[in-house]
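In UniProt numbering, the protein residues as written are 1 to 475.
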């Protein structure tokens, strides 16, 4: 039910004065029936109940969501801490591994430095050379009481050797400058001799050459470890004599192993270059040949006998490989025989025994150092060496050797054999090769044989192997 009520407002008096007209407020009053009032009251109570329940539920639900959010944050923080701990542990482990690797490398470097220090101290101890003003001292002439002064030379003078070129015999090769063989060897840095100056005269202080030069055990252990390491069985080692397999060093280093042609040839050349580079006053005026020369020479013996039988000359012009050794035009053998007194070479007897041969160019003899003389009598050795006794004089004559030496034709006859006695002998069946090498080193260097004995052969093996393995001549 809707009805209108007109009522004067308390403010109407003021407003009426302004507008000069009375103002009335019209209010709309809704009057409800008793039934409508009861329905309104019931709906109001229902609304209040619904509102209160809604508030309670919202409060309960909010608290639950707050707890869940708090729990999720705690779990996230815990997982984050665990992940950071795991990362730190991994980083620490990696750092520890790196530290271990670096420590291992440092230890290896320290051991290498210690070994190098030992080697340097040993080398300096035996060289005993102090160069004071190289250019001033080396340009001086040293007067030692001889008729003529002697020029003091250095290593460069040795390097400038001009060897003959390889070509046919009887043709004088042109003297063309080329690199000497000594440039590719480890011997160019060895001192010739030490010089000591005084107020009045200058004197040579000879270098002490010791074939028993001591090598520290730590260095020999390095070589032994390399030889016994199966992982490097196929490894090639670069030496002054070319690349060598591990078997080469193993057979030389280990006892009771026989040496092959390759060992004898490499070590004869190595020792010859070492003695020449050191400049030992007591050393002989010598050179060397190798097993290849001896095999070629012996192989020509049947052809030579056939020529003699048929009364026709043997053509030495075709044997330029042999002539190259004699005239000094063979690589690694560039000392002409006309300029030396002795030619040393290893020689194999019966295919299983090594002896040292010396072609004595002064007395025209073939000398033999045999560490096991019981294998052959003097007559047997003389017959075995018949090709050398006959062919060497003919070969020398074909190159004009005797004309330059001023010898008579009697020196062209077959040379006699001299078996050298009163020498140290071997007491096993495997060291003949080592004895042959050491005989040569002691005799060519002019050193007494006091330390040359069977008991030292084991050390000589290791020392020779180490020098070749490191390309380091020691004396």
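Positions of the beta carbon are idealized from the N, C-alpha and C atoms, including for glycine. The structure displayed is predicted, hence computed values, not measured ones.
Out of 418, 80, 361 and 212, point me to the one whose CA is closest to residue 355's CA.
Cα-wise, what sits closest to residue 355 is 418.
Per the contact definition of three or more C-beta pairs closer than 8 Å, is the region 382-391 in contact with the region 292-308?
Taking 8 Å as the limit for Cβ pairs, the verdict is that the region 382-391 does touch the region 292-308.
Around the C-beta of residue 468, are 16 or more other C-beta atoms found within 10 angstroms, so that it is buried, or is it exposed?
Answer is buried; the Cβ neighbour count reaches 16.
DSSP three-state call for residue 262: helix, strand or coil?
DSSP places residue 262 in helix when its eight states are reduced to three.
Taking its Cβ as the centre, do 16 or more other Cβ atoms sit within 10 Å of residue 88, making it buried, or is it exposed?
So residue 88 counts as exposed.
Classify residue 334: buried if its beta carbon has 16 or more other beta carbons within 10 angstroms, exposed otherwise.
Its Cβ being crowded by 16 or more others within 10 Å, residue 334 is buried.
Check for me: the alpha helix (DSSP H) holding residue 383 runs from which residue to which?
Note, residue 383: alpha helix (DSSP H), 378-384.
With a CB to CB cut of under 7 Å and the five nearest residues on each side skipped, what residues in its chain are close to residue 442?
If we look at residue 442 and ignore the five residues flanking it on each side, its Cβ neighbours are 211, 449 and 452.
Residue 286 and residue 344 - do their beta-carbons sit closer together than 9 Å?
Yes. Within cutoff.
Say yes only if the C-beta of residue 333 is nearer than 8 Å to one or more non-hydrogen atoms of the ligand MG, and no if none qualify.
No copy of the ligand MG appears in this structure; indeed no ligand is present at all.
If I measure Cβ to Cβ from residue 347 and keep anything under 6 Å in the same chain, skipping five residues before and after, which residues do I get?
294, 355 and 357, listed in sequence order.
Just to confirm, are residue 254 and residue 461 a CB contact at a threshold of 9 Å?
Yes.
In the DSSP assignment, what are the bridge partners of residue 456?
BP columns for residue 456 are empty, so no partner.
Pop quiz: residue 257 and residue 430 are said to be a contact at Cβ under 8 Å. What is the actual Cβ separation, rounded to whole angstroms?
Sure, about 6 Å apart at Cβ, within 8 Å.
What are the boundary residues of the alpha helix (DSSP H) that residue 302 is part of?
Here the alpha helix (DSSP H) through residue 302 covers 301-309.
Classify residue 113: buried if its beta carbon has 16 or more other beta carbons within 10 angstroms, exposed otherwise.
With fewer than 16 other Cβ atoms within 10 Å, it is exposed.
In the DSSP assignment, the beta strand (DSSP E) including residue 287 goes from what residue to what residue?
Run containing residue 287: 286-288, per the beta strand (DSSP E) assignment.
Per DSSP, what kind of secondary structure is residue 475 in: helix, strand or coil?
Three-state DSSP puts residue 475 in coil, outside helix and strand.
Taking residue 217 as part of the beta strand (DSSP E), name the residues at either end of that continuous run.
Looking at the DSSP string, residue 217 is not in any beta strand (DSSP E); the run it does join, the alpha helix (DSSP H), is 217-228.
For the alpha helix (DSSP H) that residue 361 lies in, which residues bound it at each end?
Note, residue 361: premise wrong, no alpha helix (DSSP H); not H, not E.
For residue 329, is the classification buried or exposed, using 16 other Cβ atoms within 10 angstroms of its Cβ as the cut-off for buried?
Answer is buried; the Cβ neighbour count reaches 16.
In the DSSP output, what is residue 462 paired with across the bridge?
DSSP output for residue 462 lists no bridge partner at all.
Taking only three categories from DSSP, how would you classify residue 330?
In this structure, residue 330 counts as strand in the three-state DSSP scheme.
Secondary structure at residue 336, three-state DSSP: helix, strand or coil?
Correct three-state label for residue 336: coil.
In the structure shown, what three-state DSSP assignment does residue 375 receive?
Three-state result, residue 375: helix.
For residue 318, which of 271, 457 and 399 has the nearest alpha-carbon?
Of 271, 457 and 399, the residue nearest in Cα terms is 399.
Out of 465, 238, 213 and 297, state which residue places its alpha-carbon closest to the alpha-carbon of residue 222.
It is 465 whose Cα lies nearest to the Cα of residue 222.
By DSSP, does residue 240 sit in helix, in strand, or in coil?
It is coil, neither helix nor strand.
Nearest-angstrom Cα distance between residue 424 and residue 369?
Spanning the two alpha carbons is a distance of roughly 10 Å.
Could you check what DSSP says for residue 345 in three-state terms: helix, strand or coil?
Reduced to three states, the DSSP call for residue 345 is strand.
Going by other Cβ atoms of all chains shown within 10 Å of its Cβ, with 16 needed for buried, is residue 225 buried or exposed?
Label assigned to residue 225: exposed.
Are the CB atoms of residue 290 and residue 268 within a distance shorter than 9 Å?
Their beta carbons are under 9 Å apart, which means residue 268 touches residue 290 by this criterion.
In the structure shown, what three-state DSSP assignment does residue 425 receive?
Coil.
Give me, in chain order, the residues of the same chain whose beta-carbon lies closer than 7 Å to that of residue 440; leave out the 5 immediate sequence neighbours on both sides.
Only 268, 271, 344 and 356 meet the Cβ criterion.
Pick from 241, 236 and 274: whose alpha carbon is nearest that of residue 247?
The residue with the shortest Cα to Cα distance from residue 247 is 236.
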